[in-house]
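Engineer: Heads up: the protein sequence lines correspond to chains A and B, in order. The working numbering runs 1427 ahead of the 1-based position in the first sequence. The working numbering runs 1 ahead of the 1-based position in the second sequence. Ideal Cβ placement from N, Cα and C applies to all residues, glycine included. Remember, it's a predicted structure, so these values are computed and weren't measured experimentally.
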Amino acid sequence: MPDAILSALLLQAGYNAALVAIGSALLGIAAGAGGTFLFLRKRALVSDAVAHATLPGIGLAFILMVALGGDGRNLVGLLAGSAVSAAVGLLLVDWIVRHTRLAEDVAIGSVLSVFFGLGVVVLTVIQSMSSGRQAGLEGFLLGSTAGMLRQDALVIAVGGALALAVLVLLRRPMTLVAFDPGYAAARGVRVQAVDLAMMALVLAVTVIGLKVVGLILIVAMLIIPPVTARLWSERTDSVVLIAGALGGLAGYLGAAVSASAPNLPTGPIIVLVSFALFCISLLFAPSRGVLAAAIRHRRFQRRVHRRQGLLALARNEPILDPLTLKVLRRDGLIRPDKVATDAGRARAAKALRDERRWDVARQMHQDEGVSGGYDGLTAIETVLTPDEIAAIDARIGTPALADKGVV
Amino acid sequence: MDGFLQLSLTPILIGILSAIACALPGNFLILRRQALIGDAISHVVLPGIVVAFLATGVIAALPMLVGAAGAALVAVILIETIKRVGRIEPGAAMGVVFTSMFAAGVLLLEQTDTSAVHLDVEHALMGNLESLIWFDATGWGSLVDPVALAGLPPELPRIAVVAAVIAVLAFVFWRPLKLSTFDEGFAATVGVPTRTIGLALVAASAVAAVAAFDAVGSIIVIAMFICPPAAARLMTNRLEAQVGWSVVFATLSAIVGYVLAGYGPLWFGAQNAVSAAGMIAAVSGVILAIACLAAPHRRRIGAAQGQG
């Protein structure tokens, strides 16, 4: 099995597997990068409506092509049909939100379910047609890469490249609209047109991806990589790049794994690889990750214990908490027998004096700006200027006296 | 008429009851901006049902219900975790979870040998309403004949019980449900446990989804969670009336959809019926479309009048 995966990764597992791997990687890049703007615009689930709305178009295109005497399974024809019905679905979502009191989630859900229902009706009609028995249109539900042809891979490659080109051209206005539609409109950007372009991009990716992952799971390729990338960066450009890279990686790895053994359908495997990348990111991402949050929490905990321990030392109170003792001992502030070292005494005196300075500071500056900065941890030097601290010290008395407990 | 009793009565009844069971919680879901929960639930129950089948080896109601409920719970926990830990907006968090779980379900299905039982993705999506027939019906007398009634498809009593339980729950908890839906802050201050109510609503939706899913497939589930309540929302400003309208629309979709699917193609000279589940969803869409164009309360309050 590992050998099989390796050979698939190196594109050595046969012509078809190589085609599927390259096609999936291209699709993943286009979907990840294109989905980012949708996600930033907080409309990620619109893609779900678009994807489900492709089904009646596929069926009707098949019927039309057969009626015209052609081969109903022509991929370009089917994809064109799916694009038309997805566009209708998209415009309907837009229309419902604009012209009725229904919210966007209701519009998405109703378009999704009704179009999908219509699609199923059309599929059953096709099944009863004489030429429809081997249509294989069910493959579009969950994708079917088994019989992928060179032509299909080319369609995916060209479509993905076009989608990426549009993305590069429109990235500035799309970023602007995603973050602040009002400001964008004031700047003269045509928000509605940009939104439409964004949706057209999503629609294109969806249609291209039908063959590989199917209409139910293509949503995952548009949503999961951007969400994952968002964990790693706070900058739009890098999020787009990372999302594209993650999408491509998931597509490539997923296709390779799926080619390595039977009964591993490509679409679901790609989605699960993508989800695995997401889980890893959720654990290890800087600042938003679980690990980073745990480390942050631990650091904060230590700061609180160090500070409280120092104050206890300065006031000659006994320290009982084991964590406090551990923190102080590790920093060399107390000896193992709990007696303060020289450094510990100096830091403790400073901590107590700062506490006293804060008391005075709160009396002198009763505004939020200063007193709000007090949380028992922030060093007073980072909030007040040296002059202000000198003024406070003048009120308290000399540091030497303060240390002896005169104040 | 025997043909009607044998072939059409039970599917229509099951369709109506499924539609009502989903439309009732759907009313509150759309008002709470959680309309897509129905969509998410109907995706995540797939792995739950497959795992339940793998664990027990049979397709039975109880293990499936437990498995589906477990999957729904896992999904809710995952979505909450992603939202909080990763600071991701709810829609995207939902999208991540339900697609991944559905993919896991499909993969599990492909890996298991389910050829002996009726469990595959297409069945899960489209249901098999048409196959729920009542062999033992010989005439209208069968309706009071215990022997014949025992031959009813088990899906019918199951969905009837679920629909009844949901209706009773909605009736009993009407006031807290209404309060917490419209003004969560106020509801909390007067002592309504809003979090519990919210969770219970999701749980009830999950039960309705699973029971209906078993009989009619996930298309009807998603459509009925959203379309009838949405159409009803455009008819009135009162919640009581909205729920009433949604039940009417759900029933209408089920009946008209089933009849169109079963007999419609015959009128056009075709031999085979089309998918009833798909047609019911489509009819509910037509009802919603009409409501969007003509219902009395279709516009937002304060929206400009007279422009298209």
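(1) Is Asn273(B) close to chain A? Criterion is C-beta to C-beta, closer than 9 Å.
(2) Since Glu1782(A) is in the alpha helix (DSSP H), which residue starts that stretch and which ends it?
(3) List, in order along the chain, the chain B residues whose C-beta lies closer than 7 Å to that of Asp1532(A)?
(4) Does the beta carbon of Lys1638(A) sit closer than 9 Å to a beta carbon anywhere in chain B?
(5) Would you identify the three-state DSSP class for Ile256(B), choosing helix, strand or coil?
(6) Hey, is Gly236(B)'s beta-carbon within less than 9 Å of any beta-carbon in chain A?
(7) If you measure between the beta carbons of Ala1720(A) and Ala1778(A), is that distance less than 9 Å?
(8) Could you name the residues of chain B that Asn1690(A) contacts, counting a contact when the two beta carbons are closer than 8 Å?
(9) Please confirm if Gly1694(A) has its CB atom under 9 Å from at least one CB of chain B.
(10) So if DSSP puts Ile1761(A) in a beta bridge, which residue, or which two residues, is it bridged to?
(11) What residue range does the alpha helix (DSSP H) around Glu1661(A) cover?
(12) Helix or strand or just coil, what does DSSP make of Lys1469(A)?
(13) For His1724(A), does the count of other Cβ atoms within 10 angstroms reach 16, so buried, or fall short, so exposed?
(14) Check this for me: beta carbons of Ser254(B) and Cys228(B), under 9 Å apart or not?
(15) Whole angstroms are fine: how far does the CA of Phe250(B) sit from the CA of Val1835(A)?
(16) Shorter than 9 Å from the beta carbon of Ile89(B) to some beta carbon of chain A?
(17) Excluding sequence positions up to five away, which residues of its chain have a Cβ less than 7 Å from the Cβ of Thr1572(A)?
(18) According to the Cβ coordinates, are Gly16(B) and Tyr264(B) closer than 9 Å?
(19) Do three or more CB pairs link the segment 202-219 of chain B to the segment 39-55 of chain B at distances below 8 Å?
(20) Taking Glu1565(A) as the query, report the chain B residues whose CB atoms sit under 7 Å from its CB, ordered along the chain.
(21) State the CB to CB distance for the pair Leu1642(A) and Leu1506(A), rounded to an integer number of angstroms; the pair is presumed to be in contact (CB under 8 Å).
(22) Where does Thr195(B) fall in DSSP's three states?
(23) Would you mind sorting Leu1569(A) into buried or exposed? The rule is 16 or more other CB atoms within 10 Å of its CB.
(24) Residue range of the alpha helix (DSSP H) that Thr1551(A) falls in?
(25) Assign Val59(B) to one of three DSSP states: helix, strand, or coil.
(26) Among the candidates Lys1753(A), Val1511(A), Leu1747(A), Gln1735(A), whose CA atom is the shortest distance from the CA of Arg1774(A)?
(27) Can you pull out the residues from the segment 1540-1552 of chain A whose beta carbon lies closer than 9 Å to at least one beta carbon of chain B?
(28) Please list, in chain order, all residues of the same chain as Val1834(A) whose beta carbon is under 7 Å from its beta carbon, the five residues on each side excluded.
(29) Closer than 8 Å to a non-hydrogen atom of the ligand MG - does that hold for the CB of Pro155(B)?
(30) How long is the line joining the alpha carbons of Thr11(B) and Pro154(B), rounded to whole angstroms?
(31) Counting only Cβ-Cβ distances shorter than 8 Å, please list the residues of the segment 90-102 of chain B near chain A, keeping chain order.
(32) With a threshold of 9 Å between beta-carbons, can Thr1527(A) be considered close to chain B, or not?
(33) Report all residues from its chain with a CB closer than 7 Å to the CB of Ile38(B); omit the five preceding and five following residues, and keep chain order.
(34) Taking DSSP as the reference, what is the three-state secondary structure of Leu1804(A)?
(35) Would you mind reading off the limits of the alpha helix (DSSP H) that contains Trp1522(A)?
Structural biologist: So, from the listed chains and residues:
(1) On the second sequence, position 272 is the one that residue 273(B) refers to. Chain A, which has a Cβ nearer than 9 Å to the Cβ of Asn273(B), makes this yes.
(2) Here residue 1782(A) refers to the residue found at position 355 of the first sequence. That run of the alpha helix (DSSP H) goes 1769-1791.
(3) On the first sequence, residue 1532(A) is found 105 positions in, with the first residue counted as 1. Neighbours of Asp1532(A) across chain B, judged by C-beta separation under 7 Å: Arg34, Ala36, Leu37.
(4) Translated into positions along the first sequence, residue 1638(A) becomes position 211. Interface with chain B (9 Å Cβ-Cβ cutoff): Lys1638(A) is excluded.
(5) Stepping through the second sequence from its first residue, residue 256(B) is reached at position 255. In the three-state reduction of the DSSP assignment, Ile256(B) falls in the helix class.
(6) Walking along the second sequence from the start, residue 236(B) turns up at place 235. It should be noted that the sequence gives Met, not Gly, for residue 236(B). Cβ-Cβ to chain A under 9 Å: no for Met236(B).
(7) In the first sequence, counting from the first residue as 1, residue 1720(A) sits at position 293. In the first sequence, counting from the first residue as 1, residue 1778(A) sits at position 351. Cβ distance not < 9 Å, so Ala1720(A) and Ala1778(A) don't count as in contact.
(8) Translated into the one-based positions of the first sequence, residue 1690(A) becomes position 263. In chain order: Glu111, Gln112.
(9) As a working note, residue 1694(A) is residue 267 in the first sequence. Gly1694(A) counts as touching chain B.
(10) Numbered from its first residue, the first sequence carries residue 1761(A) at position 334. For Ile1761(A), which the question treats as bridged, DSSP gives the partners Ala1767(A).
(11) Sequence index remark: in the first sequence, residue 1661(A) carries index 234 (1-based). Careful: Glu1661(A) lies outside any alpha helix (DSSP H) and carries neither H nor E.
(12) Mapped onto the first sequence, residue 1469(A) falls at position 42. DSSP places Lys1469(A) in coil when its eight states are reduced to three.
(13) Here residue 1724(A) refers to the residue found at position 297 when the first sequence is read from its first residue. His1724(A) is exposed by the Cβ-count criterion.
(14) Your numbering for residue 254(B) matches position 253 in the second sequence. Your numbering for residue 228(B) matches position 227 in the second sequence. Yes.
(15) Residue numbering for chain A in the displayed model covers 1428 to 1834; residue 1835(A) lies beyond these limits and cannot be assessed.
(16) Residue numbering aside, residue 89(B) sits at position 88 when the second sequence is read from its first letter. Yes, because at least one Cβ of chain A sits closer than 9 Å to the Cβ of Ile89(B).
(17) Locating residue 1572(A) in the first sequence gives position 145, counting from the first residue. Contacts found: Val1447, Val1639, Thr1693.
(18) For the purposes of this step, residue 16(B) is taken as residue 15 along the second sequence, with counting starting at 1. For the purposes of this step, residue 264(B) is taken as residue 263 along the second sequence, with counting starting at 1. It is not a contact, given that the beta carbons lie outside the stated cut-off.
(19) Short answer: they touch.
(20) By 1-based counting over the first sequence, the position of residue 1565(A) is 138. The contacting residues are Glu123.
(21) Translated into the one-based positions of the first sequence, residue 1642(A) becomes position 215. Translated into the one-based positions of the first sequence, residue 1506(A) becomes position 79. In this structure Leu1642(A) does not touch Leu1506(A) by the C-beta definition: roughly 12 Å separates them, more than the 8 Å allowed.
(22) On the second sequence, residue 195(B) is found 194 positions in, with the first residue counted as 1. The DSSP-derived three-state label of Thr195(B) is helix.
(23) Position 142 of the first sequence, counted from the first residue, corresponds to residue 1569(A). Buried is the call here.
(24) In the first sequence, the residue the question calls residue 1551(A) occupies position 124. Its alpha helix (DSSP H) spans residues 1531-1554.
(25) As a working note, residue 59(B) is residue 58 in the second sequence. It is coil, neither helix nor strand.
(26) Residue numbering aside, residue 1774(A) sits at position 347 when the first sequence is read from its first letter. Checking every option, the nearest Cα to that of Arg1774(A) belongs to Gln1735(A).
(27) Taken in chain order, the members of the segment 1540-1552 of chain A whose beta-carbon sits within less than 9 Å of a beta-carbon on chain B are Ser1540, Val1541, Phe1542, Phe1543, Gly1544, Leu1545, Gly1546, Val1547, Val1548, Val1549, Leu1550, Thr1551, Val1552.
(28) Your numbering for residue 1834(A) matches position 407 in the first sequence. The predicted position of Val1834(A) is uncertain, since its pLDDT is 41 and thus under 50; no value can be drawn from it.
(29) In terms of ligand content, the structure shown is empty, and the ligand MG therefore cannot be addressed.
(30) Walking along the second sequence from the start, residue 11(B) turns up at place 10. Walking along the second sequence from the start, residue 154(B) turns up at place 153. If you take the alpha carbons of Thr11(B) and Pro154(B), they lie about 8 Å apart.
(31) When C-beta distances to chain A are compared with 8 Å, the residues of the segment 90-102 of chain B below that value are Glu90, Gly92, Ala93, Ala94, Met95, Gly96, Val97, Thr100, Ser101, in chain order.
(32) To locate residue 1527(A), count along the first sequence from 1; it is residue 100. It does; some Cβ of chain B falls within 9 Å.
(33) For the purposes of this step, residue 38(B) is taken as the residue at position 37 of the second sequence. Around Ile38(B): Leu30, Val203, Ser206.
(34) As a first step, residue 1804(A) must be located in the first sequence, where it is residue number 377. Three-state DSSP puts Leu1804(A) in coil, outside helix and strand.
(35) The sequence position of residue 1522(A) within the first sequence is 95, counting from 1. Per DSSP, Trp1522(A) belongs to the alpha helix (DSSP H) from 1502-1526.
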